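For reference, the structure discussed in these notes is given below.
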Amino acid sequence: MAMRTAAAPPANTAAGTATAMSLRVVGRTEVADGVVALTLARPDGGRLPDWTPGAHVDLVLPSGLTRQYSLCGDRWDARTYRVAVLREADGRGGSSYIHDHLREGDPVGLGGPRNNFPLAPAQEYHFVAGGIGITPLLPMIVQVDMLGVPWRLLYGGRTRASMAFLDELSKAHGDRVLAVPEDEHGRPDLERWLPEPSPGAKVYSCGPAGLLDAVRRVCADWPDGRVRTERFVAAETAGEGGRPFEVELRRSGTTLAVGTEQNLLQVLGEAGVHVLSSCRQGLCGTCETAVLDGVPDHRDSILDEADRAAGDCMFVCVSRARSQRLVLDL
Amino acid sequence: MSVTDTPPATASTDADPFSPEVLEDPLPTQARLRDAGPVVYLERYGVHALARYEHVHTALTDWQTFQSAAGVGLANFRHEKPWRPPSLLLEADPPLHDAPRTVLSRILGPRALRRLREAWVEDARELVDRVVGRTEFDAVAELSQAFPLRVFPDAVGLEKEGRDNLLPYGDHAFNAFGPPNELVARGAAHIGRLSAWVDGQCARERLAPGGFGAAIWEAADRGDITEEQAPLIVRSLLTAGVDTTVHALGAVLYAFATHPGQWRRLRRDPRLARVAFDEAVRWESPVQTFFRTATGDVGIGGATIPDGGKILMFLGAANRDPRRWEDPDAFDLSRDPSAHVGFGMGIHQCVGQHVARLEAESLLTALAERVEHIELAGEPRRHLNNTLRAWSSMPVRITPA
């Protein structure tokens, strides 16, 4: 076996200093018509926050837009993330910015990873992907295959050439993969392809709303929790991330400025306000801080959608502000 | 300790970190291990040891290289049979680790614990009211054991009968991570009975509704985990949720009983309770050690650890590494103890850390309200365990506020 070197973390991480999670584009490949895959890494090449299949990240683009993309790379490689981005004709500027302007070496801010679509154990899996919805399913398939659990994939798309990763899936897995390009075969026949519910089986599906509704309809008899879907939408978040902001500490009666390249936890520490933290990656939840006013820019992996929308608390090790001013109970 | 330069750049020693003498006072041995080099070969056990913060942190976070599924004790599950079915959390790697971890982190997450806070603060006040009436008592029995045993089993939803099995069961499980020495032999004599009780408690019908245990079974009903996994995940709570907290509370009480200035500080600003607890976890490291296994030939700190080789990580030594911490032996509330490795780090980091912090915060806040001064009233006695740093008794004298 090849020798592996467990490189020590860079000095600042080893010393426990918070790292602002700014990534760089280190690879950019057209993987299908209208789909570009980005490889992202930390500028210092260090480990990225751990993730599980089904997870997505927020990418804060140099234009200030924040967009969410499923991670579709290899989690055994801790130093890079891969996302695949479809150019959306009616998109709100995130995908076209990535397609037209984002180049190798460009910086992107990171939020998450966060997983609303985790892979739960099953005795057999039926995966249904529509178009770019293949992305969260890719790492799931790798793992299920690794565990030797039976699985199959129905992959629909507009044309064969628009279906990202189809070649590699078909080559590696042959008959397990059924490709249904619409221009050749029309819409997939879910009724025929999806089995009757059986104990231990699960359906995972990601794609456009129409596909997911169809999967739900066909699987209406399945028990709760056995059919899991993730809608593929580019979530729009108010305001802009990655900007400087002011933070007022209500109890200490201090106001601090946090620059674009600065990390809130670090700014607090330098001002003598030590907030207990641990992982410093928005994963463990130790540094939860109450927000009294302002809109947090949540970059953690912990809060669900409802908690994020409530905006009454934040994890100061990674999160920032969407409003110009944030008031914290510190 | 003889430290010789054997294979390239790797120090080697015949020291036994699990001997009663070292368990009684591990600090000098840990200092020598840190100074001997980034990686030190332990001849007695045929394993490599890491004692510096930097390398312990690396081994904890790099799960791809340093695996847990071959056991996080000395025994190598690649060719040794575990003493019980392996933990689905502690002794598992991705992908199998994912679902149990996801489920349990939600159930024990800070937001899920909010509903317990008020009740636990009230419980702590009642317990403290009872001890302040007596000026001298054993802080281990009356506080650090009494409080977790009062709140945690109820939070899990355990039956009242048999809760006295929890501490000895956990104690054996943590001894069993070490070598098969006298400590393990003593525990093994009773483990059949203890295991039978613990395993029985993990069944769905034994767990009270609304508790952590029932929540684990609800996750099985939703299909987030399997029905076969549910009882083993409950077992993890019972194994790792009691002794560890008891000893962490013992650590913080000992720290305050021997640092009156720090106690005055906490009384002036009770919001320091959270920092105080984590500082005590750093300072005493109730969980002293864990093992990992190399998933290939691994280069670290200039040494090569062969595929399948066991790696002993000294969390306690890392938490007192002067390369990382200024004045590491001082218990000091003005320090920022963040990023200590007392709860581990990375995907296996203690999933119950927020439970432990809430217990500690409740108890320390109640004590700070009612106790002006706390000091040792006699020589405290260590409880020896292959993995845990613990007190068996700690006579204290208090002055009520």
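Chains as they are written, first to last, in my numbering: chain A, 1401 to 1730; chain B, 496 to 896.
From the three backbone atoms N, C-alpha and C, an ideal C-beta is built for every residue, glycine too.
As the structure is a prediction and not an experimental result, all values here were calculated from the model.
Contacts of M840 (chain B) in chain A (Cβ-Cβ under 8 Å)
S1678, C1679
Beta bridge counterpart(s) of T1655 (chain A) as assigned by DSSP
A:E1648
Between which two residues does the beta strand (DSSP E) containing L1438 (chain A) stretch?
1435-1441
Determine whether the Cβ of G804 (chain B) lies closer than 8 Å to any Cβ atom of chain A.
no
Integer Cβ distance of F772 (chain B) from R892 (chain B), believed to fall under 8 Å
Wrong, their Cβ atoms sit about 22 Å apart, outside the cutoff.
Cutoff 8 Å: V551 (chain B) Cβ touching any chain A Cβ:
no
Out of B:Y664, B:G839, B:P515, B:A710, which has the shortest C-alpha to C-alpha gap to L597 (chain B)?
A small correction: the amino acid at residue 597 (chain B) is Thr; Leu does not occupy that position in the sequence shown. Of the listed residues, the one whose Cα sits closest to T597 (chain B) is B:A710.
Helix, strand or coil: which one does DSSP assign to M808 (chain B)?
strand
Quick check on DSSP: helix, strand or coil for L555 (chain B)?
helix
Would T505 (chain B) pass as an interface residue toward chain A - the criterion being a Cβ-Cβ separation below 8 Å?
no
Given a threshold of 16 other Cβ atoms within 10 Å of its Cβ, counted over all protein chains shown, does P1599 (chain A) qualify as buried or as exposed?
exposed
CA-to-CA distance, A1484 (chain A) to L1440 (chain A), given in whole angstroms:
11 Å
For a cutoff of 8 Å on Cβ pairs, would you count R769 (chain B) as touching chain A?
yes
Taking G1669 (chain A) as part of the beta strand (DSSP E), name the residues at either end of that continuous run.
Unbroken run through G1669 (chain A) is the alpha helix (DSSP H), 1664-1670; no beta strand (DSSP E).
Report, in whole angstroms, the separation of the C-beta atoms of V693 (chain B) and L733 (chain B), which I expect to be a contact under 8 Å.
5 Å
Closest by C-alpha distance to A1620 (chain A), when choosing among A:E1630, A:C1606, A:P1644, A:P1595:
A:P1595
Looking at the secondary structure, which residues open and close the beta strand (DSSP E) in which A1579 (chain A) lies?
1577-1581
How big is the Cα-Cα spacing for A594 (chain B) and S1422 (chain A)?
29 Å
Who are the Cβ neighbours of L767 (chain B) in its own chain at under 8 Å, not counting the five residues just before and after it?
R760, L761, L828
Can you give me, in chain order, the residues of the stretch 1458-1486 of chain A that have a beta carbon less than 9 Å from any beta carbon in chain B?
R1475, W1476, D1477, A1478
CB of F786 (chain B) to nearest heavy atom of the ligand COA: below 7 Å?
This structure lacks the ligand COA; in fact it carries no ligand of any kind.
Given that a residue counts as buried once 16 or more other Cβ atoms are within 10 Å of its Cβ, and exposed if not, what is M1546 (chain A)?
exposed
Whole angstroms are fine: how far does the CA of N1663 (chain A) sit from the CA of A1721 (chain A)?
11 Å
Selection of the stretch 1507-1520 of chain A by Cβ proximity to chain B, strictly under 9 Å
N1515, P1518, L1519, A1520
Mind checking which residues open and close the beta strand (DSSP E) that includes C1429 (chain A)?
Inspection of the sequence shows that residue 1429 (chain A) is occupied by Thr rather than by Cys. That run of the beta strand (DSSP E) goes 1422-1432.
In this structure, how does DSSP classify G1557 (chain A) when only helix, strand and coil are distinguished?
strand
Under 8 Å from the C-beta of G1625 (chain A): neighbouring residues of chain B:
D716, R717, G718, D719
H574 (chain B) in three-state terms, based on DSSP:
coil
Should L1502 (chain A) and V1457 (chain A) be called a contact, given that it needs their Cβ atoms to be closer than 8 Å?
no
With DSSP collapsed to three states, give me the class of G794 (chain B).
strand
T790 (chain B) and Q640 (chain B) closer than 8 Å at C-beta
no
Are at least three pairs of beta-carbons, each pair with one atom in the stretch 1600-1608 of chain A and one in the stretch 1525-1532 of chain A, less than 8 Å apart?
yes
Along chain A, which residues have their Cβ under 7 Å away from the Cβ of S833 (chain B)?
G1416, L1676, S1677, S1678
Under the rule that 16 or more other beta-carbon atoms within 10 Å means buried, what is H667 (chain B), buried or exposed?
buried
CA-CA distance, G811 (chain B) and V1431 (chain A)?
48 Å
Pair within 8 Å by beta-carbon distance, V770 (chain B) and P832 (chain B):
yes
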